[in-house]
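What follows is a set of notes on a single structure, which appears directly below.
In our numbering, the protein residues as written are 74 to 396.
Next up, the structure:
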């Protein structure tokens with residue numbers, strides 16, 4: 074009798090243990106379901122609140138300056154492509170439409186994104202074929218100056234005009250009165266492989282020539298930077314070219330606030346000239362405290378002229394109000 078009771082107690086204990094396991098498994102399953110639902114809700118809200126931009130990769134004729142137009146590859150028919158500007162933590166949805174005759178891709182230079190967004194293309198993904206579209210969705214969680222362009226396997230497209238600025242503003246908001254984005258680039262209009270940019274209007278000489286551009290234009294077609302005395306100014310400069318570019322701001326010294334997404338430099342670094350290597354991004358701060366008409370230009374003659382003629386290339390007027 075005692076043995077039977079002991080056996081019953083043992084079996085009852087096993088049943089209770091199994092019931093506890095079942096309850097625990099059910100709780101884990103419910104927790105997983107709730108977590109999945111919460112993530113789905115968060116993703117849905119993120120999509121609803123996402124900053125959405127459509128990029129159309131397509132060929133277009135682009136005017137470098139009056140009388141000089143070139144056949145290029147572009148986003149939305151412009152060089153540089155549409156600027157992307159969002160606050161830190163703002164979900165984004167970038168839809169790339171490929172209207173080229175060849176495949177293309179997209180990378181967000183300097184922004185930490187998941188493999189599915191910015192990783193190297195895989196065998197069956199990451200490449201947008203002609204006539205197709207792909208949506209890139211992510212949350213930029215670090216403020217700074219970045220840019221977008223095709224992946225390295227489509228790097229020739231970047232050289233032909235496919236690039237644009239991507240600025241992530243800090244949650245605290247801007248501390249400057251004016252914030253300018255300056256995208257530096259080059260176009261080689263000499264003999265090149267089929268599909269490279271070439272002049273629509275013939276050059277005066279048949280020799281190859283590289284045109285250096287600021288925000289898609291060559292001086293004297295670059296609009297002036299307009300300032301008011303006392304303003305705090307930020308220049309976000311991106312070098313998309315394949316050459317080093319030394320920039321000089323006459324009449325002023327600027328603080329180098331950030332290089333390639335770095336945190337604020339300590340101790341503070343001040344310059345009147347800074348050299349940007351290929352793909353560099355720098356944030357430059359200065360105070361408009363010297364009224365007049367000044368220049369913001371490359372120090373290299375071939376980068377600040379067109380076929381040896383001035384003004385040309387990377388050369389911009391900085392002008393105070395009333396001057």
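Beta carbons: idealized from backbone N, C-alpha and C, even for Gly.
By the criterion of at least three beta-carbon pairs nearer than 8 Å, the stretch 156 to 176 is not in contact with the stretch 300 to 316. Contact holds between the stretch 354 to 372 and the stretch 316 to 328, because three or more Cβ pairs, one in each stretch, are under 8 Å apart.
Per DSSP, residue 163 lies in no alpha helix (DSSP H) segment and is marked neither H nor E. By the neighbour-count criterion, in which a residue is buried when 16 or more other Cβ atoms sit within 10 angstroms of its Cβ, residue 383 is exposed. Here residue 353 carries a coil assignment [DSSP, helix/strand/coil]. For residue 237, the enclosing beta strand (DSSP E) begins and ends at 237 to 242.
Boundaries of the alpha helix (DSSP H) harbouring residue 231: 228 to 232, taken from the DSSP string. In the structure shown, the three-state DSSP call for residue 202 is coil.
A residue is called buried when at least 16 other Cβ atoms come within 10 angstroms of its Cβ; residue 103 does not meet this threshold and is exposed.
With contacts defined as CB atoms closer than 8 Å, residue 98 and residue 129 fail to qualify as a contacting pair. Within the same chain, 161 and 216 come within 6 Å of residue 243 by CB-CB distance, once the 5 residues on both sides are set aside. Look at residue 123 here: in three-state DSSP terms it is coil, with no helix or strand label. Secondary structure note for residue 259: its beta strand (DSSP E) is the uninterrupted segment 251 to 261. Straight through space, the alpha carbons of residue 223 and residue 182 are spaced by roughly 10 Å. Scanning 362, 284 and 297 for the CA closest to the CA of residue 373 turns up 284. Beyond the five residues adjoining it in sequence on each side, residue 348 comes within less than 6 Å, by CB distance, of 317 and 319 in the same chain, given in chain order. Beta-bridge analysis with DSSP links residue 210 to 166.
DSSP, reduced to helix, strand and coil, places residue 381 outside both helices and strands of the structure shown, so it counts as coil. Here residue 241 is buried. Its C-beta has 16 or more other C-beta atoms within 10 Å.
DSSP, read as helix, strand or coil, puts residue 372 in coil. At a Cβ-Cβ threshold of 8 Å, residue 258 and residue 313 count as neighbours.
By the CB criterion at 8 Å, residue 260 and residue 393 fall outside the cutoff. With respect to the C-alpha of residue 338, the residue from 355, 351, 345 and 346 having the closest C-alpha is 355. By the Cβ-count criterion, residue 351 is exposed, with fewer than 16 other Cβ atoms from all chains shown falling within 10 Å of its own Cβ. Ranked by how close their Cα comes to the Cα of residue 152, the residues 290, 211 and 250 have 290 in first place. Counting C-beta atoms within 10 angstroms of its own C-beta, residue 95 has fewer than 16 neighbours from the protein chains shown and is therefore classed as exposed.
Around the beta carbon of residue 346, fewer than 16 other beta carbons lie within 10 angstroms, which makes this residue exposed. For residue 286, the enclosing beta strand (DSSP E) covers residues 283 to 287. Between residue 168 and residue 133, the CB-CB gap reaches or exceeds 8 Å.
Within its own chain, the residues whose Cβ lies closer than 6 Å to the Cβ of residue 286, once the five positions on either side in sequence are excluded, are 258, listed in chain order.
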